[in-house]
Amino acid sequence: MASPLPTTTTTAAPTKLSATTMTTTTSLPSCPNCGDSLPSPEETQAELSQAQARIAELEAQIRTLNEKASAAAERWAGYEEELTKLRSQDQAPPPPPPKNDNPGARIPRGPGDVGLAPHHPTRSFTNPTLHVGGGADRPPQLHRINSVPTSHAQDTAPPDKQTRELLRALSREKLLRKEAEGRLTATSKEIEDLSVSLFEQANNMVADERRARAHLEERVGELEKRDVEKRRRLERLETALARIEHVRSLLDE
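According to numbering that gives the first Met the number 0, the sequence shown is numbered sequentially starting from 0.
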């Protein structure tokens, strides 16, 4: 009758050991494969919030660069409009030469004198039959003919000066346009580089988040499996204890 008692004391010890192992495994979560400790959900959430804040900051930078690019495009459009105006002014026909309204250009000498026509000065010079005075009247006509090109050259001098000024303004506008194009190209390249870097960072962050989530899900699955195994062990221990108590009761009787 006294022989079964040592068996009861030896079977009670594994229950304590299993309980201690259960507490230690639940308090220190680690990877079953490599044994490294896993980050807590709070740390993962903090990293995710930091990544979202970084994305918002980069988006604000992109908006600022887009505003700068639009302002540069508006300035470029203004430069093109001014350049078009200057080209239209440069391509405009020159003003017609003024008519010779000088009263000294024609001196009447008699009833038969026709005088110098303003639009055809060579006819009065080549046709001597139109004048009554004959050869004596030719020198004044030559003087009047020579005076017409001089006045015309004096009238065409200001347009040449205006053309030079327009050409200077045109060259200056071309330089400004080149500078604006260079700035716009640099801004566009910077925006493209930032967009590429933002997309890469966003893709990397999404991939990291997916990997972390998959790792956490795997860890949760492992913990759930362990929990199920522990429950089964506890059930087995409870049934064993029940049997032991039943044997004790039988032995006491």
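Glycine is no exception: its CB is placed at the ideal position from the N, C-alpha and C atoms.
Treat the numbers as computed from the prediction; the structure is a model and nothing was measured.
Could you pull out every residue in the same chain whose Cβ sits closer than 8 Å to the Cβ of Glu-172, ignoring the five residues on either side in sequence?
-> By 1-based counting over the sequence shown, the position of residue 172 is 173. If you ignore the 5 residues before and after Glu-172, its C-beta comes within less than 8 Å of the C-beta of Tyr-78, Glu-81, Leu-82 and Leu-85, all in its own chain and listed in chain order.
Which same chain residues, not among the five before or five after Ile-54, have their C-beta less than 6 Å away from its C-beta?
-> Along the sequence shown, one-based indexing puts residue 54 at 55. Correct list: empty, nothing qualifies.
Nearest CA to the CA of Ser-187: which residue from Ala-68, Ala-50, Ala-206 and Thr-63?
-> Mapped onto the sequence shown, residue 187 falls at position 188. For the residues Ala-68, Ala-50, Ala-206 and Thr-63, the minimum Cα distance to Ser-187 belongs to Ala-68.
Go through its chain and collect everything with a Cβ distance to Leu-183's Cβ below 8 Å, but skip five positions before and after it.
-> For the purposes of this step, residue 183 is identified with residue 184 of the sequence shown, where counting begins at 1. Ala-68, Ala-71, Ala-72 and Trp-75.
Under three-state DSSP, which class holds Glu-252?
-> For the purposes of this step, residue 252 is taken as residue 253 along the sequence shown, with counting starting at 1. Reduced to three states, the DSSP call for Glu-252 is coil.
Could you give the distance in angstroms between the alpha-carbon of Glu-66 and the alpha-carbon of Phe-198?
-> The sequence position of residue 66 within the sequence shown is 67, counting from 1. The sequence position of residue 198 within the sequence shown is 199, counting from 1. Distance between the alpha carbons of Glu-66 and Phe-198: 20 Å.
Go ahead and pull the three-state DSSP assignment for Ser-69.
-> Reading the sequence shown from its first residue, position 70 is the one you call residue 69. In the three-state DSSP reduction, Ser-69 falls in the helix class (H, G or I).
Give the single residue among Ser-87, Ser-39, Leu-47 and Pro-40 whose Cα lies nearest to the Cα of Leu-169.
-> Translated into the one-based positions of the sequence shown, residue 169 becomes position 170. Of the candidates Ser-87, Ser-39, Leu-47 and Pro-40, Ser-87 places its Cα closest to the Cα of Leu-169.
Among Ala-185, Leu-236, Arg-247 and Ser-194, which has the Cα closest to the Cα of Glu-58?
-> Residue mapping note: residue 58 aligns to position 59 of the sequence shown, counting from 1. Looking at Ala-185, Leu-236, Arg-247 and Ser-194, the one whose alpha-carbon comes closest to that of Glu-58 is Ser-194.
According to DSSP, is Ser-39 helix, strand or coil?
-> Counted from its first residue, the sequence shown places residue 39 at position 40. Correct three-state label for Ser-39: coil.
Could you tell me the distance, in whole angstroms, from the CA atom of Ala-241 to the CA atom of Gln-51?
-> The residue labelled residue 241 in the question sits at position 242 within the sequence shown. The residue labelled residue 51 in the question sits at position 52 within the sequence shown. Going by the C-alpha atoms only, they are around 56 Å apart.
Mind checking whether Glu-189 and Leu-64 have CB atoms under 8 Å apart?
-> As a first step, residue 189 must be located in the sequence shown, where it is residue number 190. As a first step, residue 64 must be located in the sequence shown, where it is residue number 65. Contact flag set, yes.
Note down the Cα distance separating Arg-209 from Arg-176, rounded to an integer number of angstroms.
-> The residue labelled residue 209 in the question sits at position 210 within the sequence shown. The residue labelled residue 176 in the question sits at position 177 within the sequence shown. Each residue's alpha carbon lies about 49 Å from the other.
Inter-residue CB distance, Thr-43 and Ala-211 (contact presumed, cutoff 8 Å) = Sequence index remark: in the sequence shown, residue 43 carries index 44 (1-based). Sequence index remark: in the sequence shown, residue 211 carries index 212 (1-based). Contact holds; Cβ gap of about 6 Å.
Alpha-carbon spacing of Asn-280 relative to Gln-49, whole angstroms = Because the chain here runs from 0 to 252, residue 280 falls outside it and cannot be looked at.
Just to check, is the beta-carbon of Lys-84 closer than 7 Å to a non-hydrogen atom of the ligand SAH?
-> As far as ligands go, the structure on display features none, and thus does not contain the ligand SAH.
Is any beta-carbon of chain B found at less than 8 Å from that of Leu-183?
-> Going by chain labels, chain B is absent from the structure shown, which holds only one protein chain.
By Cβ distance below 6 Å, which residues in the same chain neighbour Leu-249 in space, the five residues on each side in sequence not counted?
-> Along the sequence shown, one-based indexing puts residue 249 at 250. Excluding positions up to five away in sequence, the list is empty.
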